[in-house]
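Q:
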Amino acid sequence: MKYKKSLFRQIIDSRKKYIWLLPSFLIISIFALYPIFETFLTSFQQVSRSGLPIGWAGISNYLDVFRIGKGIEVFRNTFFWTASCLVLTHLISIIIALVLNKSFPGRKIVRTLVLIPWASSQVVTALTWRWIYNYDYGYLNLLFRQIGLIEENVFWLGGIYSSWIAVIVVGVFVSIPFTAFVLLAGLQSIPDELYEAARVDGAGAWYRFKKISIPLLKPVITISVIINAMYTFNSFHIIYVVTGGGPAGATDIAVTYMHRLAFEMMNMGRAAAMVVVIFFILTVFSVIYIRLMSGERA
Amino acid sequence: MDFTKIILGGLSVDLKKALIISLALVVILSMGINTVNAEEEVTLEVLAPEYSHRTEGFWNDTVQAFTEEYPHINVNVNISSWDGYAQLVSTRVVTGEEPDILNTSQYLEYLEDGLLLDLNEYVSDDFMDKFVPGFLEDGRREDRQYSVPFATSVRALFYNSKMFEEAGIESSPETWGELRETAEKLDESIDNIYPFAYEMSDFEGYRFLAYFFWGAGGGWQQDGEWVVNSEENIEALEFLTELTNDGLTNPAPASTDRDEQQQVFGAERTGMLITASFFPTILNEINPELEFGVGPIPSKEGVEPSTLGVADTIMAFESTEYPEEVALFLEFLYEDDNYYRFCSDEGMLPGTISVGEMMAADDPLLAEFIEVQQDVRMEPSDPDYRIVQTLTAERAADAILGRMTPKEALDAAQDDIMEELY
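Respectively, the protein sequence lines represent chains R and S. The letter at position 155 of the first sequence is residue 155 when you use my numbering, and the numbering goes up by one with no holes. The letter at position 214 of the second sequence is residue 512 when you use my numbering, and the numbering goes up by one with no holes.
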């Protein structure tokens with residue numbers, strides 16, 4: 001006699017895959033989807049200073065992001081911040097990758113050292129740099145004075161230009177490990193025969209670099225740029241910890257300004273609208289990344 | 299379709315019995331819990347910030363004494379660092395998890411949104427009479443009282459007595475002219491110090507603006523409207539900016555904060571610093587040997603001096619289930635011996651008159667501060683003030699950094715404020 005499955009068992013069997021997915025789906029829903037949804041809702045609401053919604057605001061919060069206050073300025077700052085970090089990170093990382101690609105005594109130690117900024121908590125890194133930049137007790141001033149580069153202490157975090165340099169240095173510092181290793185992996189996947197053939201034909205080191213390394217690294221560089229762009233664009237903790245967005249809000253990027261909107265100016269509606277705009281920009285980055293990745297496989 | 303068979307099919311009969319018995323037990327137990335509730339065990343939650351390492355001890359001891367007197371009232375005190383405190387409170391309010399009693403510095407938005415309890419309805423008739431009247435204004439709307447002052451301070455100019463002696467300065471400057479002279483003398487006589495320190499960051503920059511706006515005869519409002527770019531205010535900002543540009547102050551006021559400057563003063567690197575009446579308690583910990591003097595906040599020649607009074611307050615939320623018990627706790631908290639301990643632990647000036655008298659008898663410096671309490675000037679009691687202060691301080695910092703002239707900065711601040719609020 002054929003064993004007939006009960007209806008309950010039939011339903012469970014055919015939907016087993018969904019049951020296995022359920023825990024992950026629940027976690028993502030609770031910690032990601034729900035907050036995103038709530039924020040999206042809030043961006044269309046009028047929110048009282050206490051944080052309680054008191055009505056609908058249509059799209060006025062979105063308009064206000066660009067019309068009032070420093071909305072446009074901070075987006076400009078964010079693009080400047082992201083672009084500077086990206087360019088400098090990649091320039092330095094390609095050099096590091098090229099060096100690490102060669103075998104030399106102590107290579108393993110150097111590789112470990114390069115990894116350290118990535119391994120440490122970024123907030124701790126940012127705090128440490130803040131102390132390094134400190135006017136009275138910071139190591140940077142001490143070092144520069146000792147080697148005679150400056151005569152008096154410099155208030156690194158006091159001026160606008162020096163503050164920008166200060167945070168960009170930290171941003172590059174934490175991005176180098178990942179980028180260097182991605183580029184290194186890319187370099188290592190280039191077959192040695194290509195370089196051999198070029199060397200035999202008399203091509204110099206720079207020529208080999210320009211005509212072989214760079215073109216074959218292009219896909220890797222592209223992906224590294226997109227990922228770094230996503231992380232840097234949204235990098236709240238570096239600027240918040242090192243300069244707090246100062247002085248006078250000069251180093252504010254979109255996310256730090258949004259934080260102030262929400263918690264100092266108590267304007268949750270507009271802050272939520274800003275979050276949605278940032279989310280949209282980052283989604284565009286992600287789409288580009290995914291397109292490139294699938295393009296890669298083909 | 300027999301659903302019990304599907305769900306329980308395969309389970310032995312004994313298990314079924316077990317299920318029925320457990321259901322019955324649950325019902326009986328929940329009835330039992332109901333009878334315990336009938337005794338009215340009350341639990342209150344207090345949320346308070348950490349003023350110092352002594353704060354926790356104070357609250358624990360006070361709660362213990364309170365529970366001895368009222369055994370059926372449990373009080374849980376949650377103490378949190380000042381860092382991010384406003385956000386913590388705000389998050390709890392938004393998620394509906396507000397405490398019964400709150401001690402904080404920024405709360406006017408909760409008041410305006412009707413979230414706070416009118417204490418007058420539950421406290422005894424003479425409770426409010428205990429307080430220094432000036433400090434009750436902030437939380438009063440007509441005859442309803444939403445907050446009471448807990449930790450108060452007044453502001454004054456602190457100076458390093460040894461430096462003054464060295465530079466031949468006889469007394470604390472009282473006018474702006476004297477302030478500048480004093481700073482110049484300090485600068486000439488002593489190397490490597492900041493004659494006059496201040497800050498223009500988002501921590502307390504706006505208060506330094508207040509000292510000078512008021513000192514020039516200006517202020518934040520005119521006829522109930524927010525006006526920050528008045529002639530007097532511009533003059534005040536010009537005075538500050540010139541002082542900075544002439545090297546008579548700390549080099550980057552926009553990148554430091556009052557707490558840091560207090561430490562720098564304690565490290566004997568500063569001649570003069572305007573800060574709060576609890577500073578001596580801090581100095582006692584970081585540098586007890588430092589000899590300092592106190593003077594009034596200088597004002598422009600011909601303008602009446604004023605001193606800023608600041609109060610952190612205690613309030614209760616409307617949503618509390620036990621307003622009468624809240625009132626009982628507050629009255630216990632403010633009993634002279636209990637409240638005295640808090641104020642002397644933290645170096646805060648008391649909000650009540652009787653404890654003020656007790657503390658004045660302790661220490662002549664405190665007595666001076668307490669006397670000044672009677673005439674303090676408070677900041678506007680309006681939730682919009684937070685926005686006004688943030689925007690104005692940011693633009694003022696631009697002026698100090700040299701990105702704009704003081705007039706441009708304050709005009710821009712006024713525009714920013716109008717944009718944000720209307």
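Even for Gly, the Cβ is constructed at its ideal location relative to N, Cα and C. All values derive from a computational prediction rather than experimental measurement.
On the criterion of 16 or more Cβ atoms from any shown chain inside 10 Å, does S/Arg357 qualify as buried, or is it exposed?
A: Note that residue 357 of chain S is Trp in the sequence shown here, rather than Arg. Its Cβ being crowded by 16 or more others within 10 Å, S/Trp357 is buried.
Q: Spatial neighbours of R/Phe173 within its chain, please: CB distance less than 6 Å, with the 5 preceding and 5 following residues excluded, ordered by chain position.
A: Counting only Cβ-Cβ distances below 6 Å, and skipping sequence neighbours, we find Pro117.
Q: If I measure Cβ to Cβ from R/Ser224 and keep anything under 6 Å in the same chain, skipping five residues before and after, which residues do I get?
A: Result list for R/Ser224: Thr179 and Val182, in chain order.
Q: Using a Cβ-Cβ cut-off of less than 9 Å, give me the residues of the stretch 267-291 of chain R that come near chain S, in sequence order.
A: Residues passing the 9 Å Cβ filter: Asn267 and Met268.
Q: Looking only at its own chain, which residues have a Cβ that is under 7 Å from the Cβ of S/Tyr504, when we skip the five neighbours before and after it?
A: Contacts found: Gln687, Thr690 and Ala691.
Q: If you measure from the beta carbon of R/His50 to each beta carbon in chain S, is any gap under 8 Å?
A: Position check: residue 50 of chain R holds Ser in this sequence, whereas His was assumed. It does: the Cβ of R/Ser50 has a partner Cβ on chain S nearer than 8 Å.
Q: Mind pulling the chain R residues with CB within less than 7 Å of S/Ser499?
A: The answer, in chain order, is Gly246.
Q: Would you say S/Gln385 and S/Arg684 are within 8 Å of each other, going by their C-beta atoms?
A: No, they are not a contact pair.
Q: Within the stretch 452-510 of chain S, note down every full alpha helix (DSSP H) run reaching 4 residues or more, in order along the chain.
A: Correct list: 459-465 and 474-487.
Q: So is R/Tyr18 buried or exposed if we call it buried at 16+ other beta carbons inside 10 Å?
A: The residue in question, R/Tyr18, is exposed, as its Cβ has fewer than 16 Cβ neighbours within 10 Å.
Q: Quick one: grab the DSSP three-state call for S/Ile698.
A: Helix.
Q: Use the C-beta contact count for S/Ser388: other C-beta atoms within 10 angstroms, 16 or more gives buried, fewer gives exposed.
A: Buried, because 16 or more other Cβ atoms sit within 10 Å of the Cβ of S/Ser388.
Q: Below 9 Å on C-beta distance, what does S/Ala514 contact in chain R?
A: Here the premise fails: no neighbours, minimum Cβ distance about 22 Å.
Q: Just verifying my parser: in three-state terms, what is the DSSP assignment at S/Gly307?
A: Confidence in S/Gly307 is poor, its pLDDT being 49 and thus under 50, which makes the residue's placement too unreliable to answer from.
Q: Please report whether the beta-carbon of S/Gln712 lies at a distance below 8 Å from any beta-carbon of chain B.
A: Chain labels in this structure do not include chain B; the protein chains are R and S.
Q: Compute the minimum distance between the beta carbon of R/Ser50 and the heavy atoms of the ligand HEM, and state whether it is under 7 Å.
A: By its list of ligands, the structure shown contains no ligand whatsoever, and the ligand HEM lies outside what it can speak to.
Q: Per DSSP, what kind of secondary structure is S/Asn548 in: helix, strand or coil?
A: Coil, per DSSP.
Q: For S/Ile685, would you say it is in contact with chain R, using Cβ-to-Cβ distances shorter than 8 Å as the test?
A: Chain R contact via Cβ: present.
Q: Which parts of the stretch 155-243 of chain R are runs of the alpha helix (DSSP H), unbroken and 4 residues or longer, counting only runs that do not cross its ends?
A: The stretch 155-243 of chain R contains these whole alpha helix (DSSP H) runs: 160-188, 192-200, 205-208, 214-233 and 236-242.
Q: Please identify, using Cβ separations under 7 Å, the residues of the stretch 157-175 of chain R that lie next to chain S, in order along the chain.
A: Listed in sequence order: Leu157, Gly158 and Ile160.
Q: Does the stretch 41-49 of chain R come close enough to the stretch 268-286 of chain R that 3 or more CB-CB pairs lie under 8 Å?
A: Contact holds: three or more Cβ-Cβ distances are below 8 Å.
Q: Answer yes or no: do S/Ile572 and S/Ile595 have a C-beta to C-beta separation smaller than 8 Å?
A: For S/Ile572 and S/Ile595, yes; Cβs fall inside 8 Å.
Q: Applying the criterion that 16 or more other CB atoms from any shown protein chain within 10 Å of the CB defines a buried residue, is S/Met657 buried or exposed?
A: Per the 10 Å Cβ criterion, buried.
Q: Relative to the C-alpha of R/Phe233, which candidate in R/Gly158, R/Pro247, R/Glu193 and R/Val277 has its C-alpha closest?
A: With distances taken between Cα atoms, R/Phe233 lies closest to R/Val277.
Q: Name the two residues that bound the continuous alpha helix (DSSP H) containing S/Met426.
A: Neither: S/Met426 is in no alpha helix (DSSP H) and is coded neither H nor E.
Q: Please tell me whether S/Ala454 and S/Val592 are closer than 8 Å, where the distance is taken between their beta carbons.
A: Contact: yes.
Q: I need the straight-line Cα distance from S/Arg352 to S/Glu644, nearest angstrom please.
A: Distance between the alpha carbons of S/Arg352 and S/Glu644: 7 Å.
Q: Could you work out which residue in S/Glu706, S/Arg693 and S/Thr703 is closest to R/Gly69 when comparing CA atoms only?
A: Per the Cα distances, S/Arg693.
Q: For R/Pro247 and R/Ile160, what's the separation of their Cα atoms in angstroms?
A: Cα to Cα, the separation comes out at about 7 Å.
Q: Would you mind listing the beta strand (DSSP E) stretches within the stretch 550-636 of chain S that are 3+ residues and don't spill past its ends, in chain order?
A: Those beta strand (DSSP E) runs which fall completely within the stretch 550-636 of chain S and span 3+ residues are 568-574, 590-593 and 607-614.
Q: For S/Trp518, does the three-state DSSP call read helix, strand or coil?
A: Three-state result, S/Trp518: coil.
Q: Hey, quick one: how far does the beta strand (DSSP E) through S/Ile399 stretch, first residue to last?
A: First-last of the beta strand (DSSP E) with S/Ile399: Ile399 to Thr402.
Q: Please decide whether S/Leu415 counts as near chain R, where near means a Cβ-Cβ distance under 8 Å.
A: Cβ-Cβ to chain R under 8 Å: no for S/Leu415.
Q: With a threshold of 16 other CB atoms inside 10 Å of the CB of S/Gly355, please say whether the residue is buried or exposed.
A: Classification of S/Gly355: exposed, given that the 10 Å Cβ count is below 16.
Q: Flag this pair as touching only if the stretch 459-467 of chain S and the stretch 661-668 of chain S have three or more C-beta atom pairs under 8 Å; answer yes or no.
A: Verdict: no, contact absent.
Q: Are S/Gly569 and S/Leu484 touching if we call contact CB-CB under 8 Å?
A: It is a contact, given that the beta carbons lie within the stated cut-off.
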